[in-house]
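What follows is a set of notes on a single structure, which appears directly below.
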Amino acid sequence: MAAAATRLGSRDTVPASSTTAPAIEIQGLRKTFRRGLGARHVALDGLDLVVEPGRVHGFLGPNGSGKTTTIRALLGLVRADEGTMRLFGHQVPEALPDVIRHIGAVVESPQFFPHFSGRRNLRLLAQTAGVKRRRVDEVLEIVGLHDRAKDAVKAYSLGMRQRLAIAATLLKEPSLLILDEPNNGLDPAGIREVRDLMRGLADGGVTVLLSSHILAEVQQVCDSVSIVSRGRHVVTGPVAEVLAAGASGDVRVRVEDAEYAATVLTEAGLPVRRDGELLIVSDVADPSWITQVLARRRLFVSELTPIGADLESVFLDLTGTTPVPGRSGQVGEPFAAGLGAPPRTDGKPPPPPRHATAGPAETPQRREADNDGQDRA
Ligand SMILES: Nc1ncnc2c1ncn2[C@@H]1O[C@H](COP(=O)(O)OP(=O)(O)OP(=O)(O)O)[C@@H](O)[C@H]1O
Ligand SMILES: [Mg+2]
């Protein structure tokens, strides 16, 4: 895949209303869908989101938490009931005609002509958008499809189609790229390719909003993240900070006589549990204290590792929900045994959601049923 950074320099700048304007700024976004028999469903419940320019920002939330609805509202594909949205300081949807050419988005699986080659598909799109023909080969190079450009799209793998979709959005040289679950259905190699592509674009100055319910994906590629749950914002920050906020304070200790060491540490007042050959010591303010206590009894530590929180446990702590592969419609659903969700590995009970005004838990809904609802737009 070619270095995207070198090829994005010619992008003309967005007409920012202020040089410091965030790429995306959403306040108090509400959207209620009508479903059959007069039932209503609150998809967005006062959602806030700020994405600073020039970075890859993760938009993370369980299935049904409102990510796609937010993106569709931003792009004028669905009308919000309330709230304000700005792209580079311009209020949307009103100013969309002015800013849309600076925005690239892959929201639903884009349709290409399957019998046409990747290059021909892009040429058609370029022609419609008034983009110079040579840009087609540039974007094919950026997404690493140049060598397969003459093949029919029907012969492309899912990952290649996804890259072609991203190539299509790059035709206009966007300043902001919005990708809704770009890794859906991709194998690890495809995920890696899309990840490298996103990084390359961000290094070239493009702001990327990546929506996902896959924690590891956000952890690996994003600089910052916003977590949403039930149509509300839960937390935003640099990925490292969001993780640090959930740091457990536990320390993993490897020592030869683990049983004796456990007794010594317990006598010293530290909560200890065994994990195979290892000890997990909790509530440790200063890990060096563990080494001192054990060394006094001639027990020498060969490993001392603070256990940092992964995004999964932070996410779970913050939202009270967790994504479960192969299941959907788990918005606000309690994380409990018997519902098919995996148990917490730390043995703690699931915490209640931290947001103040959490409504009653929804029952699981099938997505097909969800999508039968009528859009009020
Ligand atoms: N057109 C629609 N009609 C009725 N309900 C809808 C419609 N679009 C979305 N919803 C509902 O709004 C809620 C939010 O859906 P949305 O697709 O925004 O979630 P999401 O976070 O993108 O989920 P996923 O991770 O599964 O893609 C869901 O309960 C969904 O069923
Ligand atoms: Mg979605």
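What the sequence shown shows, in our numbering, is residues 72 to 448, in sequence order. Glycine included, each C-beta is placed from N, C-alpha and C at the ideal position.
Alpha carbon of residue i to alpha carbon of residue j, nearest angstrom
i, j, result
"Thr91", "Gln98", "17 Å"
"Asp346", "Gly154", "49 Å"
"Ala339", "Phe371", "16 Å"
"Gly160", "Thr141", "17 Å"
"Val324", "Glu374", "6 Å"
"Gly418", "Arg344", "Model confidence at Gly418 stands at a pLDDT of 37, short of 50, so the residue's coordinates are unreliable; what they give is reported in the following sentence. If I take the Cα positions, the gap works out to 11 Å."
"Gly125", "Val277", "6 Å"
"His173", "Arg111", "34 Å"
"Glu212", "Phe183", "19 Å"
"Val122", "Arg143", "16 Å"
"Val265", "Thr337", "48 Å"
"Gln291", "Ser246", "22 Å"
"Leu272", "Asp357", "41 Å"
"Pro164", "Met156", "8 Å"
"Thr139", "Gly320", "35 Å"
"Ser228", "Cys293", "25 Å"
"Pro421", "Ile378", "Residue placement at Pro421 is flagged as unreliable, the pLDDT there being 34, under the threshold of 50; the coordinate-derived value follows with that caveat. Straight-line Cα distance between these residues: approximately 19 Å."
"Ala366", "Gly129", "44 Å"
"Gly230", "Val210", "16 Å"
"Arg191", "Leu268", "22 Å"
"Val313", "Ile237", "28 Å"
"Ser297", "Val364", "41 Å"
"Val207", "Leu235", "11 Å"
"Arg105", "Glu96", "26 Å"
"Arg205", "Thr240", "15 Å"
"Arg368", "Val385", "36 Å"
Chain D within 9 Å of residue i, Cβ atoms only
i, result
"Gly160", "The chain labelled as chain D is not found in the depicted structure, where only one protein chain is given."
Residues bridged to residue i [DSSP beta-bridge criterion]
i, result
"Leu120", "Ile97"
"Asp346", "Leu349"
"Glu374", "Arg325"
"Val310", "In DSSP, Val310 forms no bridge with anything."
"His128", "Leu280, Ser295"
"Thr103", "Val113"
"His304", "Val299"
"Ser228", "DSSP output for Ser228 lists no bridge partner at all."
"Ser188", "Ala223"
Contact belief for residue i with residue j at Cβ below 8 Å, rounded distance in angstroms
i, j, result
"Leu216", "Ala176", "About 19 Å separates the two Cβ atoms, so there is no contact after all."
"His304", "Asp169", "Going by Cβ atoms, the distance from His304 to Asp169 rounds to 27 Å, so no, they are not a contact pair."
"Arg270", "Val127", "7 Å"
"Val202", "Leu242", "5 Å"
"Asp328", "Pro342", "Asp328 to Pro342, Cβ: 19 Å. No contact."
"Leu286", "Leu167", "Not quite, the Cβ-Cβ distance comes to about 32 Å (not below 8 Å), so this is no contact."
"Gly137", "Gly302", "4 Å"
"Ala332", "Leu349", "Actually they are not in contact, since the Cβ atoms of Ala332 and Leu349 sit about 10 Å apart, beyond 8 Å."
Check: Is there contact here, the region 249-261 with the region 278-292, by at least three beta-carbon pairs under 8 Å?
Finding: Under the three-pair Cβ rule at 8 Å, the region 249-261 counts as touching the region 278-292.
Next item on the list: Say whether the region 174-194 touches the region 222-241, bearing in mind that this needs 3 or more beta-carbon pairs closer than 8 Å, one atom from each stretch.
Entry: Enough Cβ pairs lie closer than 8 Å, so yes.
Next item on the list: Any chance you could list the beta strand (DSSP E) runs of at least 3 consecutive residues sitting entirely within the region 233-288, in chain order?
Entry: If we require 3 residues or more, the beta strand (DSSP E) runs fully inside the region 233-288 come out as 247-251, 278-283.
Notebook entry, point to check: For the region 109-120 against the region 257-265, are there 3 or more C-beta pairs whose distance is under 8 Å?
Noted result: They do not touch, by the three-pair rule.
Notebook entry, point to check: What runs of the beta strand (DSSP E), each 3 residues or longer, lie entirely inside the region 153-181?
Noted result: With a minimum length of 3 residues, the unbroken runs of beta strand (DSSP E) contained wholly in the region 153-181 fall at 153-158, 161-163, 174-177.
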